[in-house]
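Numbering (the numbering used here), first residue to last: 190 to 680.
Here a beta-carbon is modelled for each residue, glycine too, at the ideal position from N, C-alpha and C.
Remember, predicted model here, so these are calculated numbers, not experimental data.
Reviewing the structure listed below.
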């Protein structure tokens, strides 16, 4: 068949563990293209979707899979077939597999397994369901086997996960990370807390010194607490046989977790550990969990205002302003110690600035509009922001590959050009969709109605807050410049 008569197809390749794959990714793609060519299909490089090191149990974290589905859902989708090496590469969760395949069929797109050819008709559909059920059973059984193996390792005092902050892994054993100084940081945290320094204060001290978590984040009070509760620092190994992470943060006597002596060197003494645990327990007893979370809405801007420095929510502070007892708001991350820029502001000042800003927006019909995040059940809406974020991560990886001397400057330049073009195209399509969908007169009328509603004295703060959430995505407060930026929803 002549090349110009070939129809366009796509390929999806997923690798969770190369040792379990019958073929390498390159070999899979070669086989897929050979099979597709016999069907009269050509698969361009731009329609080869690839997820590496990701489980097939769920599609949530499979970025290229989600990008492929989004393209396939477009009105004029460029391909009508998706080739995979095995159906298990597409999904091992039968429920999700059926949902996505049915969605694709409605769009005229078919999923084809190269190594598992299925006959046409009802019998073929039955065989496909059986294959999917077998793949899902394998995944569930594999998970159970892994859990049993990890439990056995833990019972022998062997590590079952990556080392916590302050340790390094060598020869499948934890060793104090003395060279980087992280082991001493752990000792310092325990000592500071035992001497009465609060968790938030400790987080601020470490953050100002440039200390970061093993994921590169700023220290928070919760990270400090997790460190103070981790029995690994007294030479123990902790494991939850049922896989529940939440109980792993509990005390040593929690019956749902396994804590056994490990083969690594402790960083702190048992006496210091016991003292710290008693202090934390006393604090928990004095300030019960969730004690303040069930309070009713006390101001109309609750949950809407964001810190310009870190993006955290600016919420009601326990502090009051001067003799007048005026309530103030503060960045939540500043309260936790991970944000070092105060955004304290009194509630009357914030609400007055907001009312002035929203009135000006209505009068001038000038709105900063952000598209709503599509609901999961709305399969026809393309989440452009999500696709843009995927491409931005690709661009970052391309740069990292160049800096690591994996790619040449020419390869990086070409990758950057192609990825940037895709980002620009997605942004243009997103903005065009917003403009085409919004009737500014109707939009202004809607916002004006909300403004009139929240100005009424007989309306509760709860009702005002609910009304504002229908039109506002966020309000960004920049204290240094005294700016308040209002971002509206795409209604």
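Within this structure, are the beta carbons of residue 198 and residue 230 separated by less than 7 Å? In the chain shown, counting from the first residue as 1, residue 198 sits at position 9. In the chain shown, counting from the first residue as 1, residue 230 sits at position 41. For the pair residue 198 and residue 230, the CB atoms are nearer than the 7 Å cut-off.
Under the three-state DSSP convention, the category residue 666 falls into: Walking along the chain shown from the start, residue 666 turns up at place 477. Three-state result, residue 666: strand.
Sorted by chain position, which residues of the same chain lie with C-beta nearer than 7 Å to residue 663's C-beta, five sequence neighbours on each side aside? For the purposes of this step, residue 663 is taken as the residue at position 474 of the chain shown. The residues are 493, 495 and 676.
Determine the extent of the beta strand (DSSP E) in which residue 358 is found, giving its start and end residues. The residue given as residue 358 occupies position 169 in the chain shown. Unbroken beta strand (DSSP E) run through residue 358: 356-359.
Entirely enclosed beta strand (DSSP E) segments - the segment 486-531, minimum 3 residues: For secondary structure counted as the beta strand (DSSP E) over 3 or more consecutive residues, the segment 486-531 holds these complete runs in sequence order: 494-496, 503-510 and 515-520.
What number of angstroms, rounded off, separates the C-alpha of residue 293 from the C-alpha of residue 258? Position 104 of the chain shown, counted from the start, is the residue given in the question as residue 293. Position 69 of the chain shown, counted from the start, is the residue given in the question as residue 258. Their backbone Cα atoms lie some 8 Å apart in a straight line.
Sub-7 Å separation of residue 416 and residue 451 beta-carbons: Along the chain shown, one-based indexing puts residue 416 at 227. Along the chain shown, one-based indexing puts residue 451 at 262. Cβ atoms of residue 416 and residue 451: not closer than 7 Å.
Kindly confirm or deny that the segment 542-556 and the segment 628-646 touch, where touching means at least three C-beta pairs closer than 8 Å. Taking a cut-off of 8 Å on C-beta distances, the segment 542-556 touches the segment 628-646, as three or more cross pairs fall below it.
Would you identify the three-state DSSP class for residue 201, choosing helix, strand or coil? Within the chain shown, residue 201 is the residue found at index 12, counting from 1. In the three-state reduction of the DSSP assignment, residue 201 falls in the strand class.
Mark residue 642 as exposed unless 16 or more other C-beta atoms lie within 10 angstroms of its C-beta, in which case mark it buried. To locate residue 642, count along the chain shown from 1; it is residue 453. Sixteen is the threshold: since fewer than 16 other Cβ atoms of the shown chains lie within 10 Å of the Cβ of residue 642, the residue is exposed.
By the 10 Å Cβ neighbour count, where 16 or more other Cβ atoms means buried, how is residue 366 classified, buried or exposed? Numbered from 1 along the chain shown, position 177 holds the residue referred to as residue 366. Answer is buried; the Cβ neighbour count reaches 16.
So residue 675 is in the beta strand (DSSP E); what residue range does that whole segment cover? Here residue 675 corresponds to residue number 486 of the chain shown, with the count starting at 1. Annotation for residue 675: the continuous beta strand (DSSP E) segment containing it runs 672-678.
Hey, could you find the ends of the beta strand (DSSP E) residue 238 is sitting in? Residue 238 sits at position 49 when you count from the first residue of the chain shown. Its beta strand (DSSP E) spans residues 237-241.
What do you reckon, are the CB atoms on residue 502 and residue 428 nearer than 7 Å? Taking the chain shown and counting its residues from 1, one reaches residue 502 at position 313. Taking the chain shown and counting its residues from 1, one reaches residue 428 at position 239. Cβ distance not < 7 Å, so residue 502 and residue 428 don't count as in contact.
Since residue 299 is in the alpha helix (DSSP H), which residue starts that stretch and which ends it? Stepping through the chain shown from its first residue, residue 299 is reached at position 110. Residue 299 -> not in any alpha helix (DSSP H); beta strand (DSSP E) instead, spanning 299-302.
Taking just the CA atoms, how far does residue 619 sit from residue 279? Taking the chain shown and counting its residues from 1, the one referred to as residue 279 is at position 90. Taking the chain shown and counting its residues from 1, the one referred to as residue 619 is at position 430. One C-alpha to the other measures close to 28 Å.
With a threshold of 7 Å on Cβ separation, who are the neighbours of residue 667 within its own chain once the five nearest residues in sequence on each side are excluded? Residue mapping note: residue 667 aligns to position 478 of the chain shown, counting from 1. Taking residue 667 as the centre and dropping the five residues before and after it, the same chain places the C-beta of 497 closer than 7 Å to its C-beta, in chain order.
Can you look up residue 362 in the DSSP assignment and give me helix, strand or coil? For this step, residue 362 is matched to residue 173 along the chain shown. Looking at residue 362 - three-state DSSP - the assignment turns out to be strand.
Could you tell me which residues DSSP puts in a beta bridge with residue 271? Stepping through the chain shown from its first residue, residue 271 is reached at position 82. 199 and 300, per the DSSP bridge assignment.
Can residue 608 and residue 580 be called in contact, C-beta distance under 7 Å? Looking up residue 608 in the chain shown gives position 419. Looking up residue 580 in the chain shown gives position 391. Yes; because the gap between Cβ atoms is below 7 Å, this pair is in contact.
Per the contact definition of three or more C-beta pairs closer than 8 Å, is the segment 459-474 in contact with the segment 390-399? Segments in contact, no.
Is residue 230 helix, strand or coil when you go by DSSP? Residue 230 sits at position 41 when you count from the first residue of the chain shown. Strand at residue 230.
What do you reckon, are the CB atoms on residue 546 and residue 673 nearer than 7 Å? Start at 1 with the first residue of the chain shown, and residue 546 comes out as number 357. Start at 1 with the first residue of the chain shown, and residue 673 comes out as number 484. Cβ distance < 7 Å, so residue 546 and residue 673 count as in contact.
Which residue comes first and which comes last in the alpha helix (DSSP H) that contains residue 391? Position 202 of the chain shown holds residue 391. Its alpha helix (DSSP H) spans residues 388-397.
Spatially closest choice to residue 446 from 423, 398, 344 and 499, by CA coordinates: As a first step, residue 446 must be located in the chain shown, where it is residue number 257. When only C-alpha atoms are compared, the closest one is 344.
Which residues DSSP lists as bridging residue 260, in chain order: Counting from one through the chain shown, the residue named residue 260 turns up at place 71. DSSP output for residue 260 lists no bridge partner at all.
Roughly how many angstroms lie between the CA atoms of residue 515 and residue 649, to the nearest whole one? Translated into positions along the chain shown, residue 515 becomes position 326. Translated into positions along the chain shown, residue 649 becomes position 460. If you take the alpha carbons of residue 515 and residue 649, they lie about 19 Å apart.
Where does residue 419 land, buried or exposed, given buried means 16+ other C-beta within 10 angstroms? Here residue 419 corresponds to residue number 230 of the chain shown, with the count starting at 1. With 16 or more other Cβ atoms within 10 Å, it is buried.
Straight-line gap, residue 535 to residue 541 (C-alpha atoms, nearest Å): For this step, residue 535 is matched to residue 346 along the chain shown. For this step, residue 541 is matched to residue 352 along the chain shown. Within the model, the alpha-carbon separation for residue 535 versus residue 541 is close to 10 Å.
Which class does residue 547 belong to by DSSP, given the choice of helix, strand or coil? In the chain shown, counting from the first residue as 1, residue 547 sits at position 358. In the structure shown, residue 547 falls within a helical segment according to DSSP collapsed to helix, strand and coil.
Got a sec? Which residues, its chain only, sit under 6 Å from residue 222 by beta carbon, not counting five neighbours each side? As a first step, residue 222 is located in the chain shown; it is residue number 33 there, counting from the start. Counting only residues of its own chain and dropping the five nearest sequence neighbours on each side, residue 222 has a CB closer than 6 Å to the CB of 232.
Given that a residue counts as buried once 16 or more other Cβ atoms are within 10 Å of its Cβ, and exposed if not, what is residue 271? Residue 271 sits at position 82 when you count from the first residue of the chain shown. Answer is buried; the Cβ neighbour count reaches 16.
How would you call residue 593, buried or exposed, if buried means at least 16 neighbouring beta carbons within 10 angstroms? As a first step, residue 593 is located in the chain shown; it is residue number 404 there, counting from the start. By the 10 Å Cβ count, residue 593 comes out exposed.
Considering only DSSP beta bridges, list what residue 468 is partnered with. Walking along the chain shown from the start, residue 468 turns up at place 279. Answer is none; residue 468 lacks a bridge partner.
Coarse secondary structure for residue 609, derived from DSSP in three states: The count along the chain shown starts at 1 and reaches residue 609 at position 420. Reduced to three states, the DSSP call for residue 609 is helix.
According to DSSP, simplified to helix, strand and coil, what is residue 353? As a position in the chain shown, residue 353 is number 164, starting the count at 1. When DSSP states are grouped into helix, strand and coil, residue 353 belongs to the coil group.
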